[in-house]
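See structure below.
Here's what the structure looks like:
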């Protein structure tokens, strides 16, 4: 048999890392601001902050991640009430797909949270010095116990983080049940769509209504319904139900909550109603899913991170 090799294509490459930080700020901390010729991402791990990107002021809560493009002025302002924890990573990347991240504020999920944690872990192996020094301008390699492959893993994890976010927000929106189309049928997701998705992600534990979504995202009812029909062939509330079930699957895989606790966390009125909705979407009960081969495979490849 004549085997042929396949050259693996690379769509996104991190050229270098400038800084990796994990900060626990005081509630009255302010950073005067800066601009530089490389990318910087900031993710809120705890609390709440305000940040200014050029002339635009944004409030970021836990799970929010903002991307500052090269030469964009930005700063950090705490609100005087909560002491936030932030992950800040500065890096060089000239891949064309990075254009999609310009001035974007997205919401991370468990997969991205785990990748950020791995970057911090590997940075402690690879570099000496403190990761909580906001004025550190150079990463110094650890020459005593660097950890085998730590720098390569940092690059791999960061590239994977960006690819996951790009797939979810820009290339292939949140996957949908099998009876729906996995990719948008008409056009591409726009900022309005991304804003709606972010809002539903941030309120996944509540019982939303169409009117509330419209009011909070500044979208008319007709436009909202038309947008999801065009992109997914379903209504927005149907899609929100699927998002809840996808989150439930992640919680089941984490094996930290029982089904009653999961249903309560996601805002269901009873565990029985949650179970019915779960089976309607996945075609198996929560207990069947918890012991299925699918769960074992999705621990490594969650459905929300695969292209359909």
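Numbering (my numbering), first residue to last: 1112 to 1419. Each residue gets a CB set at the ideal place from its N, CA and C atoms; glycine is no exception.
Quick check on the burial criterion: 16 or more other C-beta atoms within 10 angstroms. Buried or exposed for residue i?
i            : result
residue 1351 : buried
residue 1360 : buried
residue 1112 : exposed
residue 1179 : buried
residue 1412 : A caution first: residue 1412 carries a pLDDT of 44, below 50, which makes its placement in the model too unreliable to give a value.
residue 1260 : exposed
residue 1207 : exposed
residue 1194 : exposed
residue 1329 : exposed
residue 1119 : exposed
residue 1357 : buried
residue 1191 : exposed
residue 1205 : exposed
residue 1383 : exposed
residue 1285 : For residue 1285, the predicted structure reports a pLDDT of 48, less than 50, and the residue's modelled location is therefore unreliable. A value from the coordinates is still provided. It is buried - the Cβ of residue 1285 has at least 16 other Cβ atoms within 10 Å.
Hey, how far is the Cα of residue i from the Cα of residue j?
i            : j            : result
residue 1185 : residue 1155 : 15 Å
residue 1322 : residue 1235 : 47 Å
residue 1130 : residue 1269 : 12 Å
residue 1273 : residue 1127 : 15 Å
residue 1312 : residue 1319 : 11 Å
residue 1340 : residue 1232 : 42 Å
residue 1390 : residue 1201 : 43 Å
residue 1124 : residue 1370 : 40 Å
residue 1116 : residue 1278 : 26 Å
residue 1230 : residue 1255 : 19 Å
residue 1211 : residue 1176 : 14 Å
residue 1253 : residue 1181 : 28 Å
residue 1136 : residue 1164 : 19 Å
residue 1316 : residue 1380 : 11 Å
residue 1324 : residue 1170 : 19 Å
residue 1401 : residue 1167 : 45 Å
By alpha-carbon positions, which one of the options ends up nearest to residue i?
i            : options                   : result
residue 1240 : 1116, 1397, 1335 and 1132 : 1132
residue 1172 : 1387, 1189 and 1165       : 1189
residue 1220 : 1399, 1369, 1390 and 1354 : 1354
residue 1224 : 1266, 1174 and 1204       : 1174
residue 1161 : 1181, 1139 and 1363       : 1139
residue 1142 : 1134, 1149 and 1148       : 1134
residue 1150 : 1199, 1168, 1187 and 1120 : 1199
residue 1276 : 1182, 1181, 1382 and 1152 : 1152
residue 1374 : 1331, 1332, 1397 and 1280 : 1397
residue 1227 : 1267, 1257 and 1248       : 1267
residue 1157 : 1196, 1400, 1187 and 1145 : 1196
residue 1122 : 1271, 1347, 1392 and 1244 : 1271
Tell me the residue span of the alpha helix (DSSP H) that contains residue i.
i            : result
residue 1369 : From DSSP, residue 1369 is part of no alpha helix (DSSP H); its letter is neither H nor E.
residue 1348 : 1347-1365
residue 1397 : 1397-1401
residue 1390 : 1382-1393
residue 1265 : 1261-1277
residue 1305 : 1302-1313
Who does residue i pair with in a DSSP beta bridge?
i            : result
residue 1157 : 1196
residue 1177 : 1153 and 1216
residue 1089 : Coverage of the chain is limited to positions 1112 through 1419, which leaves residue 1089 absent and any answer about it impossible.
residue 1238 : 1252
residue 1171 : 1160
residue 1211 : Note: residue 1211 sits in no beta bridge, so no partner.
residue 1202 : 1128 and 1150
Does the ligand SAH have a heavy atom nearer than 7 Å to the CB of residue i?
i            : result
residue 1361 : Questions concerning the ligand SAH fall outside what the structure shown contains, since it holds no ligand whatsoever.
What are the boundary residues of the beta strand (DSSP E) that residue i is part of?
i            : result
residue 1330 : It is not in any beta strand (DSSP E) - residue 1330 carries neither H nor E in the DSSP assignment.
residue 1133 : 1127-1135
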